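> Take a look at the following structure, please.
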Amino acid sequence: LWLQRILVLYFSLP
Amino acid sequence: MFELRLVQGSLLKKVLESIKDLVNDANFDCSSTGFSLQAMDSSHVALVALLLRSEGFEHYRCDRNLTMGMNLANMAKMLKCAGNDDIITIKADDGTDTVTFMFESPSQDKISDFEMKLMDIDSEHLGIPEAEYEAIIRMPSAEFARICRDLSSIGDTVVISVTKEGVRFSARGDIGAANIVCRQNATVDKPEDATIIEMQEPVTLTFALRYMNSFTKATPLAEQVTISMSSDLPVVVEYKVAGMGYIRYYLAPKIEE
Chain A
83 LWLQRILVLY
93 FSLP
Chain B
29 MFELRLVQGS
39 LLKKVLESIK
49 DLVNDANFDC
59 SSTGFSLQAM
69 DSSHVALVAL
79 LLRSEGFEHY
89 RCDRNLTMGM
99 NLANMAKMLK
109 CAGNDDIITI
119 KADDGTDTVT
129 FMFESPSQDK
139 ISDFEMKLMD
149 IDSEHLGIPE
159 AEYEAIIRMP
169 SAEFARICRD
179 LSSIGDTVVI
189 SVTKEGVRFS
199 ARGDIGAANI
209 VCRQNATVDK
219 PEDATIIEMQ
229 EPVTLTFALR
239 YMNSFTKATP
249 LAEQVTISMS
259 SDLPVVVEYK
269 VAGMGYIRYY
279 LAPKIEE
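Line by line, the protein sequences give chains A and B.
For the first sequence, the tail end lands on 96 under the working numbering, and the numbers increase by one without skipping.
For the second sequence, the tail end lands on 285 under the working numbering, and the numbers increase by one without skipping.
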């Protein structure tokens with residue numbers, strides 16, 4: 083099973 | 029007051045074509061640095077960052093920082109009305125909710141202006157730290173586009189694997205599997221045909237091809253593309269914009285559970 087990650091897991095929100 | 033003038037107006041047309049399929053609405057930030065944009069696609073999986081530096085324009089005036097929210101499909105419709113050789117001017121006055129695009133033919137015998145309504149867009153601006161990447165691939169952008177297109181007829185995802193042998197793009201699907209290996213090739217007549225692989229560590233990551241194919245809409249902007257990868261980090265796919273800036277696409281990898 084492949085899980086598509088999202089960008090906010092890597093980059094911070096201000 | 030904000031005003032920019034770009035003699036090579038086709039660049040702006042190409043920039044819009046490169047981002048309009050990924051993002052519907054976006055805020056353009058205008059500052060003394062330049063004309064920039066950061067926007068995520070609606071599923072928050074991919075991000076596009078555009079920078080066109082002020083020095084790259086024939087004329088650039090920005091009295092104070094300004095954010096212009098635009099619907100990119102509408103903006104692309106307007107820019108499509110500019111000829112490929114036209115000079116494009118973008119103007120916005122303080123306190124108005126419109127932006128004006130002006131197109132001048134090279135011989136100055138036709139001048140058009142199009143006014144577009146601006147929008148209020150709530151956008152999340154992500155903080156993207158500078159990173160040292162484990163592998164950086166520079167290759168002809170048309171070759172990368174071809175690989176993404178070919179593999180998407182086989183599967184939905186691409187596995188990109190960088191080793192000292194080269195870079196391998198793999199896809200698998202119901203009808204079979206495909207592997208495309210590109211080796212470093214720096215001994216070419218033209219530098220834009222080179223494939224250069226800088227690898228600190230071997231890296232293997234999996235990405236959705238749908239997004240990669242969308243990034244390759246930027247191919248007409250640059251002869252070369254740079255793909256930067258590190259384990260468990262979003263990939264960065266970068267196209268330079270004629271010495272005045274860049275379009276960078278970030279894409280989160282798929283992780284096996």
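Quick reminder that beta carbons are idealized off the backbone N, C-alpha and C, glycines included.
For clarity, every value in this text was computed on a predicted model and none was experimentally measured.
Strictly under 8 Å for the Cβ-Cβ distance: is residue 161 of chain B near chain A by that measure?
Answer no: the Cβ-Cβ gap between residue 161 of chain B and chain A never drops below 8 Å.
> Residues of chain A with CB under 7 Å from residue 68 of chain B, in chain order?
Near residue 68 of chain B (Cβ distances below 7 Å), the residues of chain A are 89.
> Along the chain, where does the beta strand (DSSP E) that runs through residue 147 of chain B open and close?
Taken as a continuous stretch (DSSP letters only), residue 147 of chain B belongs to no beta strand (DSSP E), as it is neither H nor E.
> With a floor of 4 residues, list each alpha helix (DSSP H) that falls wholly inside the region 194 to 245 of chain B, ordered by position along the chain.
For the region 194 to 245 of chain B, whole alpha helix (DSSP H) runs of length 4 or above, ordered along the chain, are 237 to 243.
> Under the rule that 16 or more other beta-carbon atoms within 10 Å means buried, what is residue 252 of chain B, buried or exposed?
By the neighbour-count rule (16 or more Cβ atoms within 10 Å), residue 252 of chain B is buried.
> With DSSP as the reference, label residue 247 of chain B as helix, strand or coil.
Looking at residue 247 of chain B - three-state DSSP - the assignment turns out to be helix.
> So what's residue 141 of chain B in DSSP terms, helix, strand or just coil?
If DSSP states are grouped into helix, strand and coil, residue 141 of chain B belongs with the strands.
> Compare the C-alpha of residue 242 of chain B against each of B:57, B:223, B:175, B:198 and name the closest.
Closest by alpha carbon: B:175.
> Residues of chain A with CB closer than 7 Å to the CB of residue 236 of chain B, please, in chain order.
Ordered by position in chain A, the residues that pass the 7 Å Cβ test against residue 236 of chain B are 86.
> Apply the 10 Å Cβ neighbour rule to residue 71 of chain B and answer buried if 16 or more other Cβ atoms are within range, or exposed otherwise.
Residue 71 of chain B comes out exposed.
> When you check each C-beta in the region 54 to 80 of chain B against every C-beta of chain A, which residues fall closer than 8 Å?
Listed in sequence order: 68, 71, 72, 73, 74, 75.
> Just verifying my parser: in three-state terms, what is the DSSP assignment at residue 179 of chain B?
If DSSP states are grouped into helix, strand and coil, residue 179 of chain B belongs with the helices.
> How about residue 231 of chain B and residue 257 of chain B: are their beta carbons less than 8 Å apart?
Yes, Cβ-Cβ distance for residue 231 of chain B and residue 257 of chain B is below 8 Å.
> For residue 88 of chain B, which residues in chain A fall below 7 Å Cβ to Cβ?
What residue 88 of chain B touches in chain A: nothing, since even the nearest Cβ is about 26 Å away.
> In whole angstroms, what separates the C-alpha of residue 284 of chain B from that of residue 160 of chain B?
Cα to Cα, the separation comes out at about 24 Å.
> Let me know the secondary structure DSSP gives residue 48 of chain B once reduced to three states.
Correct three-state label for residue 48 of chain B: coil.
> I want to verify the contact list: residues of chain A whose CB lies under 8 Å from the CB of residue 274 of chain B, in sequence order.
Per Cβ cutoff of 8 Å: no residues; residue 274 of chain B is ~17 Å from chain A at best.
> Ignoring anything shorter than 3 residues or poking outside the region 81 to 147 of chain B, list the beta strand (DSSP E) runs there in chain order.
Listed in chain order, they are 87 to 90, 94 to 99, 115 to 120, 126 to 132, 139 to 145.
> Can you list, in chain order, the residues of its chain with a C-beta nearer than 8 Å to that of residue 237 of chain B? Leave out the 5 residues immediately preceding and following it.
The residues are 176, 179, 180, 183, 184, 185, 186, 199.
> Could you have a look at residue 6 of chain B and say whether DSSP puts it in helix, strand or coil?
Because chain B here runs from 29 to 285, residue 6 of chain B falls outside it and cannot be looked at.
> Using beta-carbon positions only, say whether residue 86 of chain B and residue 34 of chain B come within less than 8 Å of one another.
Yes.
> Short of 6 Å in beta carbon distance, which residues of its chain neighbour residue 31 of chain B, apart from the five on each side in sequence? Order them along the chain.
89, 119, listed in sequence order.
> Flag residue 182 of chain B as yes if its beta-carbon sits less than 8 Å from any beta-carbon of chain A, otherwise no.
So, not an interface residue.
> On the three-state DSSP scale, how would you describe residue 282 of chain B?
It is a strand residue.
> DSSP three-state call for residue 35 of chain B: helix, strand or coil?
Of the three classes helix, strand and coil, the one that applies to residue 35 of chain B here is coil, per DSSP.
> Please decide whether residue 206 of chain B counts as near chain A, where near means a Cβ-Cβ distance under 8 Å.
For residue 206 of chain B, the answer is no, since every Cβ of chain A falls outside 8 Å of its Cβ.
> Does the distance from the C-beta atom of residue 41 of chain B to that of residue 110 of chain B stay below 8 Å?
In contact: residue 41 of chain B and residue 110 of chain B (Cβ atoms closer than 8 Å).
> So for residue 83 of chain A, helix, strand or coil by DSSP?
Reduced to three states, the DSSP call for residue 83 of chain A is coil.
> Terminal residues of the continuous beta strand (DSSP E) containing residue 62 of chain B?
Segment 62 to 68, the beta strand (DSSP E) holding residue 62 of chain B.
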